[in-house]
Every structure is written in structure tokens, then in C-alpha cells.
Amino acid sequence: EPEVTQTPSHQVTQMGQEVILRCVPISNHLYFYWYRQILGQKVEFLVSFYNNEISEKSEIFDDQFSVERPDGSNFTLKIRSTKLEDSAMYFCATLPQGNHNEQFFGPGTRLTVL
Amino acid sequence: AQSVSQHNHHVILSEAASLELGCNYSYGGTVNLFWYVQYPGQHLQLLLKYFSGDPLVKGIKGFEAEFIKSKFSFNLRKPSVQWSDTAEYFCAVFPRGNQGGKLIFGQGTELSVKP
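The listed protein sequences derive, respectively, from chains A and B.
For the first sequence, our numbering assigns the number 952 to the initial residue and increments by one for each residue that follows.
For the second sequence, our numbering assigns the number 1479 to the initial residue and increments by one for each residue that follows.
Here it is in C-alpha cells:
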């Protein structure tokens, strides 16, 4: 069964450094998402991406964040200058076209900012 | 604003007890509804989903949920829990107004099952 993959599984970085989290979506899916889950809290939407542009973004997704599909397959989330409060689990999700579908989640990347 | 509310933060049960986790959402239009489970140290897994049709849906591992449109609810049930059901459970709603929109999650319910 096809699945969403994410790399790395765990990233440790110093405050102020740039990180790039990578996701490989399921091949025929058209919509891509990033969510995050701070330890002990609920899963929060960050951004959705369709047709090579952002469809929607949350208040969390400020100028420090960006997303792109650099090569038509990977879907990346970049945090330009990480803060302590960016420490969280980041999940990529993808969705095929159509209303009767579910989002498929990747295993997540645990980001630890020191 | 669209939101999802899960009534219980933490539920503690003994094995073989019955489980019901509440979920209510606020959105006036048509929705897809989901329950996800997150076992300790693992990622989100889909437990069950509702798109349309029979409001009583069955998922994996003996879980079921009932969609009551008039109450904007989608409660999760299991007649007899096992120790291996210890996990965090998230209700999520997908408003179908805009295709490709975001999932809105509840705050989660932590279930602890005592052997």
C-alpha cells in the first residue's frame, strides 16, 4: 500500500538555524499539508499546498516558514530561523482529489530546537 | 469559527470495560469525520471515517462511531477495551465546502487501560 514518507525522523538543531523537513507524498495525490503537534497538545494545521502554491495557511505559518515542491516529488517545509517553541512533531499529509477521501499522514519528523 | 471539541482529556479504564469518547464539532455544512489513534511514540493512524450513508461506521480493532447530525457529534465506542488500546485518540473534521481544505482536530483524549 502506498504511503507518505518523511525524513529525517528526528532533527536536532540549535536555535536560529535553518531546517528543512522533507516529505514524499503518495504519487497521484494532489493536495499536500503540513501539521504540527507540540508535545502534549493537539495536532495543528500549518499550511496546505495545491497546484504549486499555498492554498491556505494558519496564523502559526509566519514569514519564518516556507513550503515548496522543488522537484515535483518532494514536498518540503523550511523553517528559516528556528525558535525553541518550534520544537514539535511535524506531520506531512497528502490527499487525492475528490470529497470522499481521507488525508494520509506520514510518520512525522520530531524537531528539537536547543 | 470551525472547531472540534473532545469532552474528556484523560480516560482510565480497566480491561473489558466499555468505552465511549465524545466528539462534537461546530460547522454548519457537510463534513467528513475521522477518528485517529496515536499509540505511544508512534504516528497518527486512521481508526475509522465517515463520509456519507449509514451513520454507524465500523473501524479497525473493534471500534465504531456514530454520526448524529442533529447533535453535531461523532462519538467513538468500543464494547470491551484491551490494554493495547492505551493511546491518544483524536477526532477530526474535514469541512467539505472547499476541496483540499484542512483537517480540524480536537484536543485529543488520552486513554489508559489498566490490565
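All C-beta atoms in this analysis are idealised placements derived from N, C-alpha and C, irrespective of residue type, glycine included.
Between Val998 of chain A and Ile1005 of chain A, the C-beta spacing is below 9 Å. DSSP lists B:Leu1534, B:Asn1553 as the bridge partner or partners of Glu1544 of chain B. Judged by DSSP in its simplified three-state form, Leu1046 of chain A adopts strand. For His961 of chain A, the beta-bridge partners assigned by DSSP are A:Arg1061. Checking the DSSP bridge columns, you'll see Arg973 of chain A partnered with A:Thr958, A:Thr1027. Taken atom to atom, the span from the alpha-carbon of Ile1030 of chain A to that of Leu1524 of chain B is near 28 Å. Contacts between Gly1059 of chain A and chain B, judged by CB atoms closer than 7 Å, involve His1521 in chain order. Interface annotation, Phe1583 of chain B: in contact with chain A, CB-CB separation under 9 Å. Around the Cβ of Leu1065 of chain A, a 10 Å sphere holds fewer than 16 other Cβ atoms; the residue is exposed. A check of alpha carbon separations from Glu1588 of chain B across B:Glu1498, B:Pro1533, B:Ala1494, B:Ala1479 identifies B:Glu1498 as the nearest. Where Tyr1001 of chain A is concerned, the enclosing beta strand (DSSP E) starts and stops at 994-1001. Using a CB distance below 9 Å, the part of the stretch 1525-1542 of chain B facing chain A consists of Lys1527, Phe1529, Ser1530, ordered along the chain. Secondary structure at Glu1036 of chain A: helix, using DSSP grouped into helix, strand and coil. For Ile971 of chain A, the closest of A:Glu1053, A:Ser1017, A:Gln992 by C-alpha to C-alpha distance is A:Ser1017.
Across the set A:Pro953, A:Phe983, A:Pro1058, the C-alpha of A:Pro1058 shows the shortest separation from the C-alpha of Met1040 of chain A. For Gln988 of chain A, the uninterrupted beta strand (DSSP E) segment begins and ends at 982-988. Contact residues of the stretch 1006-1021 of chain A toward chain B are Ser1006, Glu1007 (C-beta to C-beta distance below 7 Å). Interface criterion not met: the Cβ of Ala1479 of chain B is under 9 Å from no Cβ in chain A. Of all residues in the stretch 966-998 of chain A, only Tyr982, Tyr984, Lys993, Val994, Phe996 place a beta-carbon less than 7 Å from a beta-carbon of chain B. For Asn1502 of chain B, the uninterrupted beta strand (DSSP E) segment begins and ends at 1501-1504. With respect to the 9 Å criterion, Ala1479 of chain B and Ser1504 of chain B are classified as neighbours on the basis of their beta carbons.
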